[in-house]
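Counting from 1, position 238 in the sequence shown corresponds to residue 237 in this note's numbering; the numbering is continuous, with no gaps. What follows is a short report on a single structure.
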Amino acid sequence: MTDTNEIIKKIQVSGIRRFDEAISDIPDIIKLTVGEPDLPTPEHIKKAGIQAIQHDFSHYSPLMGFQKLQVAASRYFNQKYGLTYAPSEIIATVGATEAVATALLTILNPGDGVLLPTPSYTSYAPVVAMAHANLVPIDTTQSGYKLTPAKLAATIQAHTGQHLKAIILNYPTNPTGVTYSKAELMALVTVIRQAGLIVISDEIYSEITYDQPHTAMGTLYPEKTITINGLSKSHAMTGWRIGLIMAPQALVDEMKKTHQYLVTSTSSISQVAGIEALTNGLDDGPKMRAIYKQRRDYLVARLSEIGINYVYPSGAFYLFAQVPANFQGTSWDFATQLAQQAQVAVIPGSAFGTTGEGWFRISYAASQSALRDSMNRLATWLTDFESH
Ligand SMILES: Cc1ncc(COP(=O)(O)O)c(C=O)c1O
Numbered sequence: 000m001t002d003t004n005e006i007i008k009k010i011q012v013s014g015i016r017r018f019d020e021a022i023s024d025i026p027d028i029i030k031l032t033v034g035e036p037d038l039p040t041p042e043h044i045k046k047a048g049i050q051a052i053q054h055d056f057s058h059y060s061p062l063m064g065f066q067k068l069q070v071a072a073s074r075y076f077n078q079k080y081g082l083t084y085a086p087s088e089i090i091a092t093v094g095a096t097e098a099v100a101t102a103l104l105t106i107l108n109p110g111d112g113v114l115l116p117t118p119s120y121t122s123y124a125p126v127v128a129m130a131h132a133n134l135v136p137i138d139t140t141q142s143g144y145k146l147t148p149a150k151l152a153a154t155i156q157a158h159t160g161q162h163l164k165a166i167i168l169n170y171p172t173n174p175t176g177v178t179y180s181k182a183e184l185m186a187l188v189t190v191i192r193q194a195g196l197i198v199i200s201d202e203i204y205s206e207i208t209y210d211q212p213h214t215a216m217g218t219l220y221p222e223k224t225i226t227i228n229g230l231s232k233s234h235a236m237t238g239w240r241i242g243l244i245m246a247p248q249a250l251v252d253e254m255k256k257t258h259q260y261l262v263t264s265t266s267s268i269s270q271v272a273g274i275e276a277l278t279n280g281l282d283d284g285p286k287m288r289a290i291y292k293q294r295r296d297y298l299v300a301r302l303s304e305i306g307i308n309y310v311y312p313s314g315a316f317y318l319f320a321q322v323p324a325n326f327q328g329t330s331w332d333f334a335t336q337l338a339q340q341a342q343v344a345v346i347p348g349s350a351f352g353t354t355g356e357g358w359f360r361i362s363y364a365a366s367q368s369a370l371r372d373s374m375n376r377l378a379t380w381l382t383d384f385e386s387h
């Protein structure tokens with residue numbers, strides 16, 4: 000007999016955090032690792048947070064969040080993407096992380112199958128395991144890191160009789176920065192609808208889309224989409240912990256219970272700041288997006304010049320690049336040596352699943368000078384390395 004749960008025993012702290020912790024003490028390291036905005040939370044939102052403390056918002060909120068927040072979120076996502084969730088169909092969560100966990104733990108029965116395009120963000124697979132469900136990864140490396148309707152249909156077909164319940168989509172995508180056009184999503188929805196799948200659509204980077212407008216899955220497949228979003232990335236509020244679940248009422252009524260027994264409610268103070276962000280902060284995201292876009296453009300130019308292959312990113316603040324072919328070793332070895340020898344920290348692609356092996360992720364939620372210095376260091380290191 001062991002003291003801990005067998006599933007938890009097999010789960011590890013995410014490769015992102017493990018790698019980041021492993022290299023953090025290297026002197027003069029430039030960290031392009033963790034995916035969080037380097038930009039400050041906008042002033043008007045900070046002020047609302049301060050006032051919330053002064054006005055004693057130091058008690059529980061209703062389970063699903065303050066009604067004002069639900070109303071503000073309903074309007075915001077309608078204005079931004081044409082979503083039509085009623086306030087009662089919205090739950091304020093402890094970041095998108097809790098939103099994902101609450102959604103999965105609510106819908107999954109033991110043995111259910113959950114489709115996941117890979118490489119993918121790290122927090123889905125462990126929660127699927129905690130729910131005693133089965134992850135069905137779909138390799139997207141041969142189709143530009145995007146799921147295609149043909150590949151989806153073939154995977155569903157190959158799992159006939161295995162009770163596929165849901166698919167997790169995340170776009171713009173962490174770690175590749177790719178996103179989907181409306182036409183691409185509509186083609187996927189045709190297959191998804193036919194299979195009767197629930198979509199958990201993690202759109203936390205919806206505001207950071209550079210080359211085309213973001214299309215929300217909830218506008219195309221409202222009957223079975225659980226939309227995940229939040230303020231962490233759009234308003235540089237990762238530490239405030241405001242996420243959102245938006246879904247049809249019947250699903251929300253069930254998720255409310257999971258949410259209650261996981262966390263009761265998210266921070267009241269943060270919710271007041273969130274109401275301000277959702278009511279008067281419609282332009283905050285686009286301002287930050289313009290800054291990220293400049294950095295994206297800079298990075299792709301530098302990497303092209305250095306001769307590193309990458310996936311062209313259309314959103315989020317990540318760039319997925321290929322470990323040079325002449326490097327002997329894993330992506331973890333590559334990132335470790337780059338950190339130790341050139342003081343540049345990136346995340347090994349294997350942190351995002353086996354399909355990420357051979358690649359690495361650069362987070363460009365970092366200052367222009369950090370990006371410039373890191374690219375200079377990378378270029379010099381690679382030249383030294385090639386000359387040996
Ligand atoms: C795709 C994706 N979903 C969810 C999250 C977690 O967001 P939050 O900080 O709001 O919990 C992240 C954070 O990096 C992410 O990249």
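All C-beta atoms, glycine included, are put in the ideal place defined by N, C-alpha and C.
Relative to the non-hydrogen atoms of ligand 1, the Cβ of S57 never comes closer than 7 Å to any of them.
With distances taken between CA atoms, F18 lies nearest to F351 out of N308, L370, F351 and N325. The beta carbon of E35 lies closer than 7 Å to those of T237 and A364 in the same chain, with the five residues before and after it left out. Per DSSP, the unbroken beta strand (DSSP E) holding Q321 starts and ends at Y317 to Q321. In terms of Cα proximity to I29, the closest of S366, D252, S180 and Y75 is S366. Shortest gap from the CB of I44 to any heavy atom of ligand 1: 7 Å or more. Following the DSSP letters along the chain, one finds D296 inside the alpha helix (DSSP H) bounded by residues D283 to I305. Restricted to the region 137 to 171, the alpha helix (DSSP H) segments that are unbroken, complete and at least 4 residues in length are 148 to 157, listed in chain order.
Distance between S119 and Y59, taken at the CA atoms: about 34 Å. Contact annotation: L31 and S264 have beta-carbon atoms that are not nearer than 8 Å. Environment of ligand 1, chain-ordered: G34, G94, A95, T96, Y120, N169, N173, D201, I203, G229, S231, T237 and G242, taking every residue with Cβ within less than 6 Å of a heavy atom. Between T117 and P136, the CB-CB gap stays under 8 Å. Exposed is the label assigned to T3, since fewer than 16 other Cβ atoms lie within 10 Å of its Cβ. For the options W331, E183 and G229, the alpha carbon positioned closest to that of G14 is the one of W331. Under the criterion of beta carbons closer than 8 Å, I307 and P323 qualify as touching, at roughly 7 Å.
At a Cβ-Cβ threshold of 8 Å, Q69 and S87 count as neighbours. Note that the C-beta distance between K67 and I305 is not below 8 Å.
Taking a contact to require three or more Cβ pairs closer than 8 Å, the region 195 to 211 and the region 280 to 296 qualify as touching. Membership of A91 in the beta strand (DSSP E) is indicated by the continuous run I89 to T92. Taking T172 as reference, the option from A21, G314, P26 and F326 with the minimal CA-CA separation is G314. In this structure, the straight-line span from the alpha carbon of A51 to that of V271 is close to 6 Å.
Of the residues assessed, I22 falls on the buried side of the cut-off, its CB having 16 or more other CB atoms within 10 angstroms. A check of alpha carbon separations from T147 across L187, N169, A320 and T329 identifies L187 as the nearest.
Here I25 is not near A246, since their CB atoms are 8 Å or more apart.
In terms of Cα proximity to H213, the closest of S180, S368 and Q342 is S180.
Residues Y80, G81 and L82 of the same chain have their beta carbon placed closer than 7 Å to that of T218, with the five preceding and five following residues left out of the count.
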